[in-house]
Ligand code: ADP
Ligand code: MG
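Numbering (full-length UniProt numbering), first residue to last: 1 to 335.
What follows is the structure in structure tokens.
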């Protein structure tokens, strides 16, 4: 406990840059942030934004051009500086899973544990298979599994050791929608139970909002915003972030003015759920142009003075196409 109090950061990334020689504007540029012990950090960005490069650099698989990664205050060495690339106290689950494809599921997981205590080895392996709902696959070879099943085995294998930092590269990419929610919840629960610090890289903003207690947004190799997910969502520093995280409505100031919103900046931005709807005929009248069914809610396309916005309606069918509604844009951001 004493050590934790001295430095609660397990990882410090300082001015990290890595460019691939063959391609301009590849890799990552001047990235800095810290990770607190026990946090679940979600790194979100589009495909090609540099997420895997960042993860591999943290683990010591890439020789970085500039800057450094500190693990518990000690610099992580790159592949040119040690015989076996990677870091002993971290585990990485990469997009190719790196499983032994000819071995059985059980052995893939158990083989990373030491043989000194066979009983404990069995118990830990069993428990981890239960955690990730793969007990029934125990005797199957990896080649006999679906992509999603392989992904769960790879995560089990990484988690079974008492690692202090787990790096997951797109851990849900092979998993279908139903299992995805379960796997997200499993990772969150296991992290809470074991205290392991987790860094998850994903192109899906939902992973960042649901899973992380810290969110990092990467665009074109740069870190554009970081913070608690709900804070980043509510206080995006860039229009891009609001669009990525919440499919925000973006209006030019001139159009916003036609809706009664005045702004000295170029753009007015708000999330559809910030629009409050009421039935009625007052001056804030909009016409419902279309209704999109979204499961437990509907998205309404609303028009007023030639400007189109989107709003959320939870009571299905309350407002229908061609209805007139009163819409109040309760909150908006200016950029
Ligand atoms: P992400 O994981 O977010 O999809 P990557 O970190 O894999 O992004 O890649 C970031 C950028 O660097 C991309 O433009 C990609 O094409 C480039 N890149 C990645 N790996 C290499 C490599 N080995 N050689 C050259 N360019 C690469
Ligand atoms: Mg990647």
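Every residue, glycine too, gets a C-beta built ideally from N, C-alpha and C.
Taking every protein chain shown into account, the CB of residue 98 has fewer than 16 other CB atoms within 10 angstroms, so this residue is exposed.
With fewer than 16 other CB atoms across the displayed protein chains lying within 10 angstroms of its CB, residue 116 is exposed. The C-alpha of residue 236 is placed about 6 Å away from the C-alpha of residue 242. Rounded to the nearest whole angstrom, the C-alpha separation of residue 40 and residue 120 is 27 Å. Here residue 291 carries a strand assignment [DSSP, helix/strand/coil]. As DSSP reads the structure, residue 298 sits in a beta bridge with 293 and 313. For residue 241, the CB stays at least 8 Å from every heavy atom of the ligand ADP. Spatial neighbours of residue 59 in its own chain (CB-CB distance under 7 Å, excluding positions within 5 residues in sequence) are listed in chain order as 86, 87, 90, 92 and 167. For residue 18, the three-state secondary structure derived from DSSP is strand. Contact annotation: residue 69 and residue 17 have beta-carbon atoms that are not nearer than 9 Å.
The Cβ-Cβ distance between residue 55 and residue 201 falls below 9 Å. With a cut-off of 8 Å, the C-beta of residue 208 is classified as distant from the ligand ADP, since no heavy atom of the ligand falls inside that distance. Counting C-beta pairs with one atom in each stretch, the region 303-323 and the region 282-292 have three or more that are closer than 8 Å, which means they touch. Bounds of the beta strand (DSSP E) holding residue 252 are 249-252.
Ranked by how close their Cα comes to the Cα of residue 8, the residues 75, 178 and 36 have 36 in first place. Among the bridge pairs identified by DSSP, residue 332 is matched with none. Counting C-beta pairs with one atom in each stretch, the region 101-116 and the region 156-174 have three or more that are closer than 8 Å, which means they touch.
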